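First to last, the sequence lines map onto chains H and R.
Residue numbers 1 to 753, in full-length UniProt numbering, belong to the letters of the first sequence in order.
Residue numbers 1 to 636, in full-length UniProt numbering, belong to the letters of the second sequence in order.
The beta-carbon is built from N, C-alpha and C at its ideal position, and this holds for glycine as well.
This structure is a prediction, so every number in the text was calculated from the model and none was measured.
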Amino acid sequence: MAAVQGGLADTNEEKDIKTEPSSDGFGNNNANDGRVLSTSPGSSASAGINKSATGAPEDQQTLLAVLQFLRKNKLTESVEILRREAGLPEDSPELKGSDSSGAGSGGAAGSGDKEGGDASSLLSRVTISSSANLATTVTSSVTAAGEDQPDVNVVLSAYNQQGDPPLYQVYYSGLKKFIESVLDCHRAELSQLFYPLFVHMYLELVYNNHESEAKAFFEKFSGDQECYYEDDLRVLSSLSKREHMRGNETLMDFRTSKFVLRISRDSYQLLKRHLQERQNNQIWNIIQEHLYIDIFDGMPRSKGQIDAMSGSLAGEGKREANKAKVYYGLLKEPEIELPLDDEDEEAENEEGKPKKKKPKKDSMGSKSKKQDPNAPSQTRIPLPELKDSDKLDKIMYMKEATKRIRLGPDNLPSICFYSFLNAYQGLTAVDFTDDSSLIAGGFADSTVRVWSVTPKKLRKVKSAADLNLIDKESDDVLERIMDEKTASESKILYGHSGPVYGISFSPDRNYLLSSSEDGTVRLWSLQTFTCLVGYKGHNYPVWDTHFSPHGYYFVSGGHDRVARLWATDHYQPLRMFSGHLADVTCTRFHPNSNYVATGSSDRTIRLWDVLNGNCVRIFTGHKGPIHALAFSPNGKFLASGATDGRVLLWDIGHGLMIGELKGHTDTIYSLRFSRDGEILASGSMDNTVRLWDAMKAFDDLETDDFTAATGHVHLQDNSQELLLGTYMSKSTPVIHLHFTRRNLLLATGAYNP
Amino acid sequence: NHSMVGVIMADREERRFAEVSRESVKLMAESAGVELADDVAALLAEDVCYRLREATQSSSQFMRHAKRRKLTVEDFNRALRWSKVEAICGYGAQDALPFRSVKEGELFFIEDRDINLVELALATNIPKGCAETMVRVNVSYLDGKGNLEPQGTVPTAVQSLSDDLLKYYQQITRAILGEDPHLMKVALLDLQSNSKIAALLPYFVYVISGVKSVSHDLEQLNRLLHMVKSLVQNPYLYLGSYVRSLVSSVMYCILEPLAASINPLNDHWTLRDYAALLLSHIFWTHGDLVSGLYHQILLSLQKVLSDPVRPLCSHYGAVVGLHALGWKAVERVLFPHLPAYWANLQAVLDDYSVSNAQVKADGHKVYGAILVAVERLLKMKALSLSQPAELGSGGQPGSVGGAMGYRVSSPGLSPPPEPLSEAALGIASHLQAGGAGCPWEEWTPVPLPAMYCELYSFFGDSLAVRFSTGPGFGSFPPCAPSHSDGARKEPPGPASNPDTTRKMPQLTANLNISPRQDGSPQGMTRNKGPQVGFELGPLPRTQPTWGAPGPSRDVFPKARFTSPQTGLPVFSFLIGGRQMGRRCQGRRPFQTTFAPTPPLSAIAPRAYAHKLPVIGRVGKPVRRWACSHYSLHLPL
């Protein structure tokens, strides 16, 4: 793998990888992949991301800086390893590997801890290297890499002794008393302070070895915190030793990112005056150092408004974070002439006879002829050209679309349930092809299985020797290349070495992607039913992957907290989207392929621009890890589902939460809009499919300028009005949903007796 | 590969945390040959707790992404592996592994059996049932309309039934419920041994649940019960949660006032006996598939027993059910309940009016059943008290096997049957630990002498078990072995003894439901030890008396020894005395002598247990497999 490197130079793509620009407080950039990548913008734009170490002078400089740093910290072993590895001509992956471990141990040793090495803690390596990962910034210069070390101790030292431990309770309850005494309108806003202050004060106590004070502090005030922080508090409560702080994810997130609060100017002034009067420097310091207070002018927000938006690991998204322009419109459909005279005939006419197309005007494609003002330019990102077969498929699609059932509150879809039997608790992911002809399942036993849902059986292409024998000129050559002997209802794809967590068909049904615990994403051919490529990059479990609706690109996200954008013909990622503070749990392409949405267990959703890798939206409001995302067909809206059993609706253009759908009682694993976007279907672990009136949810929306400007949403609790139906499965969790082209709803799940 | 982690749940600040105590750490260190100071152990313990929680937390994400509700061993191992820690938790299993508890130490552990790989490799009956994963579709809701009620479960079988299976199913059910007894026998035998019918299981269970609709037809009920037995015995079937359904069908036959009971000529008693026996069989062999089953069964039996409105035949069912579940069940439920129940029963028995004749006959049935149950209770209790001394001297190290966990909890009981009972209590007590309200939670065992005295006050000399109630009682323990040993053999005595003054011909009927009766005296002697449930393993089954309830019940045996094929009269006894009145005010000295136990009994039970097949089906405990080889005789 290393040997092939450097050969890649793709002039089509701009190769720079950026992280979220607004990420503050990420002082550290000495990460594994990150640093290598962050150097590339400095080199010419046409250069590959990963040049061999000897090829780019910048990389050498970086190496030297790292070596210097390691030596400074007396990590001779790491120095040697790095040297040895760097001595090899083409070794970027290895370099990265050793580098990350070096960074990890560097951080550990650097923290001045007696134990030194990082092997002492169970999970420290995971978290250190992965968090270092997210801390990459594009702006940091190459030489700075050495100095501004991802140091655990740099951040930790912020917790050095600052006050008298027993007084912490006094400080905190003083503030509490103050907040309880202020006017109602300010109280809700200022109450937001409780949680971050509580956590930071507790961590300070723990860091300074005041174990008993910390425990008392925790016991006294943990009950005051909002219930949706319960999970984090549980983690916090088990943390009682300074040694435990290293390698704790939650803690890491608290240190590396400032907790964001949105507070009105009035409330903020009130708080500031109070703290200055009381000379309460302790709390003031924490606010200064660890919190980011996003001050806005205008009316303070109500408790409901605040609760709707909070709950994420690091507070709300900053308002600026959602200000970037997003081209959410759809791309213009390519002009394909639809043979109108075929319209009433059955689809099979299309299959083998492409010649039948006649140059006539069609009515179907015309509605997308006008360029949507909100749409990105057609060439904003290079998209693959349509092949003949794609055009055929588009025609098929349009024909099917004419037979589509118009859904609405009075006309609900029929639901078919595809049950996986004898899956033995092993079904982990499902996907349908867009035309609903194939279904694929990922399993915990590392296999991927593909079934044909139609009577048409799955056949492999003949072997090369046999292919030589067939008549290439014949009309039915496409039929002749298939090996009839291999026809079967299902095929099993072997290759992964861990459970398959994500699966996605390419839009042209020729490929299948699967992502697995083994850290790879694999591309399978559905012609030969073999593995074509294994994409390595995530060194940790890859939770999800999704093909772009235009093919060619795909996105993957995993435990390393990074989402990666790939193109099928590149074995290395084109973009790395880093900024999430915890695992990227689900990934989804925008219908126009220009954006990617990722959901994370940090309870935020981020929207990334494929063109430049920027994070253009941060949506907060979920109270649990997000496991399902769906874009509305018109590209304007996003729906997200999480372990908290709620579906949230987002307006992408304005960057606002516009709806909350309550009803599910367990994790939502699947969301899907009907083909015309009238109905939103959600499938959950609670064995139900629920249908929601998406039209109504979006129509009722009045986005006034004030809301748009401040980002203050006021949600009405209308879940019950929007809920069109609840449909129970036969004791089967619903893990995937799919609307056929005619708007029949397919649901899947594994029945586990 | 045999790792047992004792985790003590501690209630702290209302949150439940797994805590490893410093004692545990010290013990573990000691077992590794390291001495730890107290403070080191405390520090280590705290760190271990933290790391455990950390690993648990990171393992839960693997569960979430696998879209499961249950955290598996594999999830945990994955979390450890990704944190570069050696996985230590062994291998995973499809099913949830129930925790067992050790009463004394509040220790919960998962039973971890040794697997004999040689036998596994050489086994010819490779377990089937790992059917192909498949996708099947059904239209759930047309136009968003349809049944909005909970949909029940997927009838897995429906989806994957082949024509052959369907045909098989039709033939079998037709044969079993049809007229031809020979066909039925064949069908039942096949049901018992066919390895390919896993897919049909839900169907059969459904058919069996039809007991409720044929409660007027004893014959059909009987056939359905035989069907249950065949299914339960089929070693290839994994009953899973269907056990619950089977049990409820069987319980129906035991407890319900069946329509067939209205006619006194109908011998529904035998049916109840048989069902009770079946219940105990299901429970001992498959009880751990459904957690808390024992608890639930006991509760429902208790409910029936304590409901005076229920007809006597239901009470009878409850008593034989308890009896079949073992003496501990009797001790826990029947015995504490007896005083209250006795008053009602006595009223029935004392009413000599003609109109009451039928009720009275039923009352005698119940009386007999209770008597048999408490007799065994007394014997077993005596035996369990006497056993520890014996075990100390004659411990058989070779037979430890998988029963180790039980041994800890019940050192006094010999392994083959008793582990089952212990396991059952384990489940129950585990439930209690989980917070399930349990009426007999405050139950404390009554000491044997007190128990005996109380029972004696009820039954008087009808009690076949004799302990001295006089001042010499204190000397009981030393001589207990011989007593109990004799006592164990005695049940034929009162049953077959026509001298008993109280006319209770029904007593013989209870012979049939006593699981201990199934075996020649030889077998019993060899299997010395409290026989609670079924005998395990391929015992020489020379006399399957219980299986032929019809004849043996009505033909009242006059002979002292019911089993003519008893080669040697291995014991002799003489019962004298007289009983006066139920409460026995005028009790006379009673004479009972037993010949010394024959040397045969020297063969310790564990030597036998050792020969039990070690390997079972994958995913099924050993003993179930063993039991499935134990053929229940069919009175066909």
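DSSP bridge partner residues for MET576 of chain H (one or two, in chain order):
Here residue 576 of chain H refers to the residue found at position 576 of the first sequence. In the DSSP assignment, the residues bridged to MET576 of chain H are H:ARG564.
If you draw a straight line from the C-alpha of ARG406 of chain H to the C-alpha of ASN614 of chain H, how long is it?
In the first sequence, counting from the first residue as 1, residue 406 of chain H sits at position 406. In the first sequence, counting from the first residue as 1, residue 614 of chain H sits at position 614. One Cα belongs to ARG406 of chain H, the other to ASN614 of chain H, and the distance between them is close to 37 angstroms.
Which complete beta strand (DSSP E) runs does the region 482-558 of chain H hold, if anything under 3 residues is left out?
DSSP runs (the beta strand (DSSP E)) wholly in the region 482-558 of chain H: 482-488, 490-493, 500-505, 511-516, 520-525, 530-536, 542-547 and 553-558.
May I have a chain-ordered list of the alpha helix (DSSP H) segments no shorter than 4 residues that lie completely inside the region 26-113 of chain R?
Every alpha helix (DSSP H) of 4 residues or more that sits fully in the region 26-113 of chain R is shown, in chain order, as 38-65 and 73-82.
Does the region 206-214 of chain H touch the region 307-326 of chain H, meaning 3 or more C-beta pairs lie closer than 8 angstroms?
No, they do not touch.
Give me, in chain order, the residues of the same chain whose beta-carbon lies closer than 6 angstroms to that of THR726 of chain H; leave out the 5 immediate sequence neighbours on both sides.
Looking up residue 726 of chain H in the first sequence gives position 726. The answer, listed in chain order, is THR688 and ARG690.
Check the C-beta distance from PHE432 of chain H over to HIS738 of chain H and give it rounded, since I have them as a contact under 8 angstroms.
Along the first sequence, one-based indexing puts residue 432 of chain H at 432. Along the first sequence, one-based indexing puts residue 738 of chain H at 738. The beta-carbon distance between PHE432 of chain H and HIS738 of chain H, rounded to whole angstroms, is 4 angstroms. This is short enough to meet the 8 angstroms contact definition.
Just checking: is the beta-carbon of ALA87 of chain R within a distance shorter than 8 angstroms of some beta-carbon in chain H?
As a first step, residue 87 of chain R must be located in the second sequence, where it is residue number 87. No, no contact with chain H.
Within the continuous beta strand (DSSP E) that includes THR620 of chain H, where are the two ends?
As a first step, residue 620 of chain H must be located in the first sequence, where it is residue number 620. That run of the beta strand (DSSP E) goes 615-620.
Which partner residues of ALA750 of chain H appear in the DSSP bridge assignment?
Locating residue 750 of chain H in the first sequence gives position 750, counting from the first residue. Listed as beta-bridge partners of ALA750 of chain H by DSSP are H:PHE420.
Cα separation between LEU189 of chain R and TYR540 of chain H?
Taking the second sequence and counting its residues from 1, the one referred to as residue 189 of chain R is at position 189. Taking the first sequence and counting its residues from 1, the one referred to as residue 540 of chain H is at position 540. Rounded to whole angstroms, LEU189 of chain R and TYR540 of chain H show a C-alpha spacing of 54 angstroms.
Shorter than 8 angstroms from the beta carbon of ILE439 of chain H to some beta carbon of chain R?
For the purposes of this step, residue 439 of chain H is identified with residue 439 of the first sequence, where counting begins at 1. With 8 angstroms as the cut-off, ILE439 of chain H counts as an interface residue toward chain R.
Confirm, please, whether the CB-CB distance from ASP583 of chain H to GLY558 of chain H is below 8 angstroms.
Position 558 of the first sequence, counted from the start, is the residue given in the question as residue 558 of chain H. Position 583 of the first sequence, counted from the start, is the residue given in the question as residue 583 of chain H. Cβ atoms of GLY558 of chain H and ASP583 of chain H: closer than 8 angstroms.
Starting from ILE678 of chain H, follow its DSSP beta bridges and name the residues at the other end.
Taking the first residue of the first sequence as position 1, residue 678 of chain H is located at position 678. For clarity, residue 678 of chain H is Glu in the given sequence; the question names Ile instead. GLU678 of chain H pairs with nothing; no bridge assigned.
Within the same chain, show all residues whose beta-carbon is closer than 7 angstroms to that of SER302 of chain H, passing over the 5 residues directly before and after it, in chain order.
Stepping through the first sequence from its first residue, residue 302 of chain H is reached at position 302. So the list reads ALA188, once near-sequence residues are dropped.
For the region 196-205 of chain H against the region 282-297 of chain H, are there 3 or more C-beta pairs whose distance is under 8 angstroms?
Enough Cβ pairs lie closer than 8 angstroms, so yes.
Quick one: which residues of the region 53-74 of chain R get their C-beta closer than 9 angstroms to a C-beta of chain H? List them in chain order.
From the region 53-74 of chain R, only ARG53, GLU54, ALA55, GLN57, SER58, GLN61, PHE62, ARG64, HIS65, ALA66, LYS67, ARG68, ARG69, LYS70, THR72 and GLU74 have a Cβ closer than 9 angstroms to chain H.
So, is TYR494 of chain H buried or exposed, given that buried needs 16 or more other C-beta atoms within 10 angstroms?
For the purposes of this step, residue 494 of chain H is taken as the residue at position 494 of the first sequence. TYR494 of chain H counts as exposed, since fewer than 16 other C-beta atoms from the protein chains shown sit within 10 angstroms of its C-beta.
Who does ASN138 of chain R pair with in a DSSP beta bridge?
One-based indexing of the second sequence puts residue 138 of chain R at position 138. Answer by DSSP bridge pairing, in chain order: H:PHE417.
Burial state of GLU479 of chain H (16 or more Cβ within 10 Å)
Within the first sequence, numbered from 1, the residue matching residue 479 of chain H stands at position 479. Residue burial is scored here from C-beta neighbours: GLU479 of chain H has fewer than 16 other C-beta atoms within 10 angstroms and is therefore classed as exposed.
Relative to the C-alpha of LEU427 of chain H, which candidate in R:MET63, R:VAL304 and R:VAL85 has its C-alpha closest?
Within the first sequence, residue 427 of chain H is the residue found at index 427, counting from 1. Looking at the Cα atoms, R:MET63 is the closest of the given residues.
Between the alpha carbons of LEU293 of chain R and SER248 of chain R, how many angstroms are there, rounded?
Residue 293 of chain R sits at position 293 when you count from the first residue of the second sequence. Residue 248 of chain R sits at position 248 when you count from the first residue of the second sequence. For LEU293 of chain R and SER248 of chain R, the distance between alpha carbons rounds to 11 angstroms.
From which residue to which residue does the beta strand (DSSP E) around ILE605 of chain H run?
In the first sequence, the residue the question calls residue 605 of chain H occupies position 605. Element bounds for ILE605 of chain H: 604-609.
Amino acids of chain H, ordered along the chain, whose beta-carbon sits closer than 9 angstroms to that of ASN138 of chain R
Residue mapping note: residue 138 of chain R aligns to position 138 of the second sequence, counting from 1. Near ASN138 of chain R (Cβ distances below 9 angstroms), the residues of chain H are CYS416, PHE417, TYR418, SER419 and LYS730.
Does the region 225-233 of chain H come close enough to the region 264-273 of chain H to have 3 or more Cβ pairs within less than 8 angstroms?
No: the two stretches stay apart, fewer than three of their Cβ pairs being nearer than 8 angstroms.
Does MET28 of chain R get closer than 8 angstroms to chain H when you measure Cβ to Cβ?
Along the second sequence, read from residue 1 onward, the residue named residue 28 of chain R stands at position 28. Residue contact with chain H for MET28 of chain R: absent (no Cβ-Cβ distance below 8 angstroms to any residue of chain H).
If PHE443 of chain H sits next to VAL500 of chain H, beta carbons under 8 angstroms apart, how far is it from one beta carbon to the other, in whole angstroms?
Within the first sequence, the letter at position 443 stands for residue 443 of chain H. Within the first sequence, the letter at position 500 stands for residue 500 of chain H. With a Cβ gap of about 6 angstroms, PHE443 of chain H and VAL500 of chain H count as contacting.
Given a limit of 8 angstroms on CB to CB distance, which residues of the region 33-51 of chain R reach chain H?
Answer set for the region 33-51 of chain R: GLU46, ASP47, CYS49, TYR50 and ARG51.
So, for THR748 of chain H: in the same chain, excluding its five sequence neighbours on each side, which residues have a beta-carbon less than 6 angstroms away from its beta-carbon?
Here residue 748 of chain H refers to the residue found at position 748 of the first sequence. Cβ within range, chain order: TYR418, VAL430 and HIS736.
Name the two residues that bound the continuous alpha helix (DSSP H) containing TYR727 of chain H.
The residue you call residue 727 of chain H lines up with position 727 of the first sequence. No alpha helix (DSSP H) contains TYR727 of chain H, which is instead part of the beta strand (DSSP E) from 723-728.
Taking a contact to mean a Cβ-Cβ separation below 8 angstroms, would you say ARG588 of chain H touches HIS654 of chain H in this structure?
The count along the first sequence starts at 1 and reaches residue 588 of chain H at position 588. The count along the first sequence starts at 1 and reaches residue 654 of chain H at position 654. Contact flag unset, no.
Can you pull out the residues from the UniProt repeat "WD" (493-528) of chain H whose beta carbon lies closer than 9 angstroms to at least one beta carbon of chain R?
The UniProt repeat "WD" (493-528) of chain H vs chain R, Cβ under 9 angstroms: GLY498, PRO499, TYR501, GLY502 and GLU517.
Quick one, which residues of the region 431-456 of chain H are near chain R if we go by CB-CB under 8 angstroms, in chain order?
Within the region 431-456 of chain H, the qualifying residues are ILE439, GLY441, PHE443, ALA444, ARG449, TRP451 and VAL453.
Can you name, in chain order, every residue of its own chain whose Cβ lies under 7 angstroms from the Cβ of VAL182 of chain H, other than the five neighbours on each side?
Reading the first sequence from its first residue, position 182 is the one you call residue 182 of chain H. Result list for VAL182 of chain H: LEU190 and LEU270, in chain order.
Neighbouring residues, chain R, relative to SER600 of chain H (Cβ below 8 angstroms)
The residue labelled residue 600 of chain H in the question sits at position 600 within the first sequence. Correct list: empty, because the minimum Cβ distance to chain R is about 11 angstroms.
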